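Trainee:
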Amino acid sequence: MDSITILAVLLGVMFLLLGSGVWIGLALMAVGGFAIEVFAGRPAGDAIATTIWSSSSSWMLTALPMFIWMGDILLCTKLSEDLFRGLAPMMGRIPGGLLHTNVMGCTLFGSVSGSSAATLATVGKMTVPELKKRNYPEPLIIGTLAGPATLGLMIPPSIIMIVYGVMTNESIAAINIAGIIPGLVLALLFSGYIAIKSKTMRGYAPVQEASTTIWEKLVASRRLIPVFVLLFLVIGSMFAGYATATESAAVGVAGAFALAWWQGTLSWNSFSTSLMGATMASAMIALILAAASGLSLAMGFLGLPEALAQWVSTLELSSFGLIMCLLVLYMVLGCFLDGISCVALTIAIIEPMVRSAGIDMIWFGIFVVLAVEMAQITPPVGFNLFVLQQMTGHGMFKIARWAFPQFVIMVGMVFVLIAIPELATWLPKQMIPVAG
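The opening position of the sequence shown corresponds to residue 2 in my numbering, with each subsequent residue numbered one higher.
#1: Mark GLN377 as exposed unless 16 or more other C-beta atoms lie within 10 angstroms of its C-beta, in which case mark it buried.
#2: Nearest to ILE142 by CA position, among MET168, ARG402, GLU352 and MET300, is which residue?
#3: To the nearest angstrom, report how far apart PHE85 and SER271 are at their CA atoms.
#4: Using three-state DSSP, classify VAL435 as helix, strand or coil.
#5: What's the call for TYR194, buried or exposed, on a 16-neighbour Cβ count within 10 Å?
#6: Within 7 Å (strictly less), CB to CB, does MET239 reach chain B?
#7: Three-state secondary structure (DSSP) at ILE95?
#8: I need the straight-line Cα distance from VAL435 to THR63, nearest angstrom please.
#9: Applying the 10 Å Cβ sphere with the 16-neighbour rule, what's the burial state of THR78?
#10: Give the straight-line distance between the Cα atoms of PRO227 and ALA28, rounded to the nearest whole angstrom.
#11: Is THR347 helix, strand or coil by DSSP?
#12: If we count Cβ pairs, one from each stretch, closer than 8 Å, do we get three or more for the region 404-423 versus the region 161-171?
#13: Which stretch, first to last residue, makes up the alpha helix (DSSP H) that contains TRP70?
#14: Closest by CA to SER199, which one among PRO422, LYS430 and LEU100?
#15: Measure the Cβ-Cβ separation of MET30 and GLY295 and say whether it is below 7 Å.
#16: Quick one: Cα of VAL370 to Cα of MET155, how far?
#17: Kindly indicate the opening and closing residues of the alpha helix (DSSP H) around VAL373.
#18: Would TYR137 be called buried (16 or more neighbouring beta carbons within 10 Å of its own) or exposed?
#19: Name the residue from PRO157, ALA188, ARG223 and LEU185 whose alpha carbon lies nearest to the alpha carbon of ILE173.
#20: Restricting to runs no shorter than 4 residues, where is the alpha helix (DSSP H) found entirely within the region 213-277?
#21: Secondary structure at HIS101, three-state DSSP: helix, strand or coil?
#22: Would you report the Cα separation of ALA244 and LEU65, rounded to the nearest angstrom?
#23: Does the beta-carbon of ASP73 have 16 or more other beta-carbons within 10 angstroms, so that it is buried, or is it exposed?
#24: Note the first and the last residue of the continuous alpha helix (DSSP H) segment covering ASN385.
#25: With DSSP run on the structure shown, which of helix, strand or coil describes GLY20?
#26: With 16 other CB atoms within 10 Å as the buried threshold, where does GLU171 fall?
#27: Report all residues from its chain with a CB closer than 6 Å to the CB of LEU290; omit the five preceding and five following residues, and keep chain order.
#28: Whole angstroms is fine: what's the gap from LEU80's alpha carbon to ALA358's?
#29: Secondary structure at VAL208, three-state DSSP: helix, strand or coil?
#30: Apply the 10 Å Cβ neighbour rule to LEU189 and answer buried if 16 or more other Cβ atoms are within range, or exposed otherwise.
#31: Go to GLU139, then tell me how far its alpha helix (DSSP H) extends in each direction, as first and last residue.
#32: Looking only at its chain, what residues have a beta carbon closer than 7 Å to the beta carbon of ALA349, apart from the 5 residues adjacent to it on each side?
#33: Taking 8 Å as the threshold, find out whether the region 256-272 comes into contact with the region 213-232 through three or more Cβ pairs.
#34: What number of angstroms, rounded off, separates the C-alpha of SER273 from the C-alpha of THR280?
#35: May I ask which residues mark the beginning and end of the alpha helix (DSSP H) holding CYS336?
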């Protein structure tokens with residue numbers, strides 16, 4: 002049986018398991034064991050057990066639960082209130098007004114949380130009711146929150162970037178640093194859309210904010226100091242080379258605890274809730290990564306990645322053509338799988354093709370994160386859509402329709418990234434290489 006047929010059979014088995022409700026991690030592990038036993042003719046137990054242990058005991062993975070815990074601690078603080086009240090006086094008089102607090106709030110909180118869902122929940126619980134109160138159109142309120150909330154995946158620290166770094170054996174610090182400039186450019190595109198839409202939308206008549214003096218803006222902006230201090234501690238220590246990604250995550254947890262204590266929101270209940278939430282999320286991701294390592298082993302035994310890379314080379318696709326094919330692939334997968342599962346499912350197969358095409362793996366990591374961001378707002382499994390559905394009570398497909406312009410902006414950002422790859426590659430080259 003040729004490699005393409007084997008791959009088709011394995012994908013069929015995988016989607017059959019996923020469609021029947023089997024956990025993603027268990028489905029990946031089952032497919033890996035099936036491939037080794039049936040197609041490689043080897044006993045799967047010992048080989049997969051050894052691979053799972055070695056991948057699960059990687060020091061690089063220790064950053065993952067720490068960043069998740071930091072985000073969960075920040076959910077218990079008054080950070081959303083501080084973000085809105087600190088940004089509102091500066092945003093009130095520009096085209097689009099306080100809608101920009103969605104973008105700026107998500108950019109700032111995403112830079113310290115590492116999670117799209119945490120960013121959405123934290124920023125949205127303050128901006129949605131405040132913007133409704135001021136008569137901003139609800140489709141714009143929700144749409145301009147759904148897209149920018151995905152910046153929690155792009156702007157470091159990022160959980161997806163850690164997963165990608167572990168699976169490709171690339172520097173987690175370098176990949177995180179690479180997301181800064183593309184993340185800021187994407188935030189500017191979101192704000193640009195808001196400014197244009199506010200001038201062209203019929204019936205756009207929000208309550209105008211009272212003008213404030215420069216001194217009043219400065220006084221209000223003091224509420225943003227905790228975010229910038231935490232950002233400096235986490236990203237600054239990593240960028241300067243004083244800390245690895247894992248060490249900066251530990252610094253971030255300590256900083257989040259200090260902020261919660263200072264605001265008076267640190268209690269035994271918030272501590273235990275955040276710890277349990279981080280533990281559950283980390284265990285889920287660890288299971289998926291462990292299963293993905295078993296699947297990667299099976300793929301290696303069968304030689305499928307190399308065979309697929311050779312088959313793609315016969316198509317004589319340019320690097321641009323390959324990226325376009327992968328973009329379509331991630332768009333389709335994003336409709337059915339969450340971001341981490343998309344990465345775990347595809348990287349083992351795609352990595353050899355990407356390397357053989359001469360594509361920079363740090364740049365490709367940012368491309369993957371951008372594609373995964375799109376998956377957060379595409380039905381029926383867009384995670385941000387679920388969060389917004391719970392927050393607003395609107396149907397998922399209505400929210401997806403309101404968020405569609407943000408999806409188009411992210412697709413456009415892919416082409417910006419292709420046209421100017423230095424957006425992702427320049428900054429990591431300026432930093433001192435730091436392991437994991």
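Even glycine gets a Cβ: it sits at the ideal position worked out from N, Cα and C.
The model shown is predicted, which means the values in this text are computed figures rather than measured ones.
Mentor: In this structure, then:
#1: buried
#2: ARG402
#3: 22 Å
#4: For VAL435, the predicted structure reports a pLDDT of 44, less than 50, and the residue's modelled location is therefore unreliable. A value from the coordinates is still provided. Of the three classes helix, strand and coil, the one that applies to VAL435 here is coil, per DSSP.
#5: buried
#6: Given the protein chain composition of this structure (a single chain), no chain B is represented.
#7: coil
#8: Legend: pLDDT at VAL435 = 44, less than 50; position of this residue unreliable, value from coordinates given subsequently. One C-alpha to the other measures close to 15 Å.
#9: buried
#10: 42 Å
#11: helix
#12: no
#13: 64-76
#14: LEU100
#15: yes
#16: 6 Å
#17: 362-376
#18: buried
#19: PRO157
#20: 215-222, 226-232 and 246-264
#21: helix
#22: 15 Å
#23: buried
#24: 384-393
#25: helix
#26: buried
#27: none
#28: 44 Å
#29: coil
#30: exposed
#31: 139-147
#32: ALA293, LEU296, SER297, MET300 and PRO306
#33: yes
#34: 10 Å
#35: That residue, CYS336, is in no alpha helix (DSSP H); it is neither H nor E in DSSP.
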